[in-house]
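Undergrad: Numbering (this note's numbering), first residue to last: 25 to 104. From the three backbone atoms N, C-alpha and C, an ideal C-beta is built for every residue, glycine too.
1. Tell me the residue span of the beta strand (DSSP E) that contains residue 15.
2. Excluding the 5 residues flanking residue 29 on each side, which residues of the same chain have their C-beta closer than 8 Å to its C-beta?
3. Using the three-state DSSP reduction, which class does residue 38 fall into: helix, strand or coil?
4. Classify residue 93: buried if its beta carbon has 16 or more other beta carbons within 10 angstroms, exposed otherwise.
5. If you run the structure through DSSP and keep just helix, strand and coil, what is residue 99?
6. Do the CB positions of residue 44 and residue 82 come within less than 9 Å of each other?
7. Would you kindly work out how many angstroms separate the C-alpha atoms of residue 78 and residue 65, rounded to a whole number?
Written as structure tokens, this is what we have:
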């Protein structure tokens, strides 16, 4: 189900993702939840929730990367 605010996200996400990444995740999840409401709009037999989480992670990974040493996520270096 869609998230009303970032405090509603799973604890593991809140612990590891910076606030901006949490906002990206929540917005992407909520958008995908609405967009992929019909089973024929999803790939394979993925549930609506699985699809929304995949879309949300993909959105986060466009701007953030995981620091393998700490397990925390940080903004990607976008300098040329």
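TA: Checking against the coordinates, here is how it stands:
1. Any property of residue 15 remains undetermined from this structure, which presents the chain solely from 25 to 104.
2. 50
3. helix
4. exposed
5. strand
6. no
7. 14 Å
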